[in-house]
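Residue numbers (full-length UniProt numbering): 1 to 436.
Next up, the structure:
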């Protein structure tokens with residue numbers, strides 16, 4: 001572990017996704033100094049990796065990138081990326097004290113100018129998780145084209161220490177022996193916006209445990225649909241064929257006690273409908289099926305969005321999929337219980353997309369005194385009246401960290417958390433001035 005550094009700010013925001021960025025910008029625009037701690041190499045969270053958003057089908061990057069740039073260029077915001085929050089507690093003065101471990105990029109952030117010469121000359125290719133592992137990237141690279149900050153990161157497990165990146169770097173930014181760095185952050189208030197994670201496909205034995213080539217996740221489908229995706233068109237991963245029949249399997253992990261997720265993940269119905277509509281435009285002659293237990297179109301305009309999808313010819317099958325198996329010539333066999341007509345039925349598709357269960361992106365247990373509900377999401381004393389409040393005074397939460405929700409609700413809740421944090425900051429500063 002490298003040297004320890006102590007930094008002081010008015011507010012700490014944990015998580016650099018859309019909710020965290022909104023909270024940080026709202027606080028910074030009120031002239032409070034803010035630090036954003038993000039565990040990935042770039043801010044933007046899940047939203048920057050989406051193709052479009054429902055129900056407007058607006059470009060996700062066109063919404064997220066301006067907020068990322070605004071945060072990066074704001075005089076009152078400091079971004080700490082590639083960091084893990086180890087502990088967060090209140091000290092005897094009532095301040096929030098967080099200990100953060102910054103993982104080594106093996107690149108000096110102050111020297112890197114984002115020229116990508118290291119990436120262009122690196123001879124080692126590795127799977128690119130930001131493209132659903134359908135494409136490759138270099139062992140040292142900038143994570144994606146509009147990443148913030150534009151600083152390269154090295155994969156030490158794949159690097160073969162050939163020295164090429166260090167030779168071509170014009171500023172000498174490559175540091176092969178870089179060590180983790182410990183940072184202590186002191187703040188008057190904090191907003192936790194740590195988002196959600198998706199359950200691994202490998203955990204779903206009845207769906208092939210990730211071994212069936214043409215069974216993919218919804219986030220992988222987002223990359224296939226994206227204009228800057230791995231193939232620039234929708235192709236079947238196993239052989240590059242344009243699929244003629246595509247199936248979406250809903251509740252593939254949610255509302256299932258056997259998988260440990262008894263709750264509804266809430267957003268899956270709408271993003272499956274969105275992806276089906278986009279596929280209908282990309283592959284006009286393809287047959288598209290959505291296997292669902294219940295359609296939960298809960299937001300403004302969502303029911304009309306669902307009805308539009310039906311009018312476009314997308315077929316909705318009320319069923320619970322029990323088993324997915326590999327078929328002939330790369331096809332996928334889906335066995336399901338028909339909930340309208342009864343009995344079990346088998347169907348064959350070229351490509352199957354799973355709407356996997358969503359779980360909290362961060363567990364506060366052992367790191368701070370925040371409490372969680374039975375579902376694992378952060379809970380507070382007034383979930384109905386003040387959902388952003390937590391049991392810790394001066395610490396607020398927003399977005400999917402509190403419970404699964406769509407982008408619109410996440411942004412609104414982030415602004416609410418920022419408002420609560422600003423009111424708390426104002427009262428704390430007045431109290432400190434009175435004591436002084």
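All residues carry an ideal CB built from backbone N, CA and C; glycine is no exception.
Residue i - DSSP class collapsed to helix/strand/coil
{"i": "residue 63", "result": "helix"}
{"i": "residue 354", "result": "strand"}
{"i": "residue 219", "result": "helix"}
{"i": "residue 250", "result": "strand"}
{"i": "residue 426", "result": "helix"}
{"i": "residue 393", "result": "coil"}
{"i": "residue 160", "result": "coil"}
{"i": "residue 9", "result": "strand"}
{"i": "residue 241", "result": "coil"}
{"i": "residue 68", "result": "helix"}
{"i": "residue 169", "result": "coil"}
{"i": "residue 382", "result": "coil"}
{"i": "residue 207", "result": "helix"}
{"i": "residue 139", "result": "coil"}
{"i": "residue 130", "result": "helix"}
{"i": "residue 79", "result": "strand"}
{"i": "residue 257", "result": "helix"}
{"i": "residue 407", "result": "helix"}
{"i": "residue 225", "result": "helix"}
Straight-line gap, residue i to residue j (C-alpha atoms, nearest Å)
{"i": "residue 151", "j": "residue 167", "result": "17 Å"}
{"i": "residue 174", "j": "residue 162", "result": "12 Å"}
{"i": "residue 225", "j": "residue 338", "result": "29 Å"}
{"i": "residue 238", "j": "residue 134", "result": "10 Å"}
{"i": "residue 27", "j": "residue 395", "result": "14 Å"}
{"i": "residue 14", "j": "residue 200", "result": "24 Å"}
{"i": "residue 136", "j": "residue 115", "result": "19 Å"}
{"i": "residue 79", "j": "residue 71", "result": "8 Å"}
{"i": "residue 232", "j": "residue 247", "result": "21 Å"}
{"i": "residue 324", "j": "residue 332", "result": "7 Å"}
{"i": "residue 122", "j": "residue 398", "result": "40 Å"}
{"i": "residue 367", "j": "residue 243", "result": "46 Å"}
{"i": "residue 286", "j": "residue 160", "result": "44 Å"}
{"i": "residue 365", "j": "residue 85", "result": "12 Å"}
{"i": "residue 276", "j": "residue 132", "result": "18 Å"}
{"i": "residue 477", "j": "residue 420", "result": "This structure gives no information on residue 477, because the portion of the chain shown stretches from 1 to 436."}
{"i": "residue 263", "j": "residue 197", "result": "15 Å"}
{"i": "residue 149", "j": "residue 270", "result": "31 Å"}
{"i": "residue 172", "j": "residue 38", "result": "25 Å"}
{"i": "residue 305", "j": "residue 289", "result": "16 Å"}
{"i": "residue 308", "j": "residue 101", "result": "48 Å"}
Candidates the options: closest to residue i by CA position
{"i": "residue 346", "options": "291, 386, 314 and 376", "result": "291"}
{"i": "residue 362", "options": "329, 402, 287 and 181", "result": "402"}
{"i": "residue 99", "options": "110, 87 and 107", "result": "87"}
{"i": "residue 48", "options": "227, 278 and 104", "result": "227"}
{"i": "residue 207", "options": "409, 320 and 181", "result": "320"}
{"i": "residue 97", "options": "322, 7 and 19", "result": "7"}
{"i": "residue 358", "options": "352, 351, 405 and 344", "result": "405"}
{"i": "residue 223", "options": "398, 50, 397 and 409", "result": "50"}
{"i": "residue 89", "options": "102, 314 and 12", "result": "12"}
{"i": "residue 416", "options": "400, 386 and 390", "result": "386"}
{"i": "residue 183", "options": "221, 82, 412 and 360", "result": "82"}
{"i": "residue 266", "options": "308, 296 and 64", "result": "296"}
{"i": "residue 194", "options": "92, 179 and 376", "result": "376"}
{"i": "residue 43", "options": "128, 221 and 19", "result": "19"}
{"i": "residue 178", "options": "119, 127 and 108", "result": "108"}
{"i": "residue 348", "options": "340, 335, 356 and 341", "result": "335"}
{"i": "residue 354", "options": "191, 56 and 214", "result": "214"}
{"i": "residue 408", "options": "298, 203 and 253", "result": "298"}
{"i": "residue 281", "options": "410, 45, 73 and 313", "result": "313"}
{"i": "residue 21", "options": "68, 46 and 5", "result": "68"}
{"i": "residue 165", "options": "300, 329, 120 and 418", "result": "120"}
{"i": "residue 283", "options": "304, 251 and 236", "result": "236"}
Near the ligand ATP: residue i beta-carbon under 7 Å from a heavy atom
{"i": "residue 119", "result": "With respect to the ligand ATP, the structure offers nothing, as it holds no ligand at all."}
Own chain partners of residue i with C-beta closer than 6 Å, once the 5 adjacent residues on each side are dropped
{"i": "residue 424", "result": "189 and 394"}
{"i": "residue 144", "result": "130"}
{"i": "residue 154", "result": "106 and 140"}
{"i": "residue 186", "result": "8, 95 and 97"}
Cutoff 7 Å; reference residue i; Cβ partners in own chain excluding five residues on either side
{"i": "residue 77", "result": "24, 28, 34, 36 and 71"}
{"i": "residue 52", "result": "58, 59, 60, 274 and 278"}
{"i": "residue 372", "result": "364, 378 and 379"}
{"i": "residue 124", "result": "138, 139, 158, 159 and 160"}
Own chain partners of residue i with C-beta closer than 8 Å, once the 5 adjacent residues on each side are dropped
{"i": "residue 343", "result": "337"}
{"i": "residue 422", "result": "26, 27, 30 and 32"}
{"i": "residue 41", "result": "81, 82, 105, 143, 147, 151 and 153"}
{"i": "residue 259", "result": "199, 203, 204, 253 and 357"}
{"i": "residue 103", "result": "82, 83, 84 and 180"}
Uninterrupted beta strand (DSSP E) stretches inside the stretch 84-127 (no shorter than 3 residues): 96-102 and 125-127
List, from N- to C-terminal side, the beta strand (DSSP E) runs of 3 residues or more that fit wholly inside the stretch 301-369. Correct list: 315-326, 332-338, 344-349, 351-356 and 358-360.
Ranges of the beta strand (DSSP E) found wholly within the stretch 18-48, counting only runs of at least 3: 34-37
Mind pulling the beta strand (DSSP E) runs of 3 or more residues that sit fully within the stretch 264-300? 287-292
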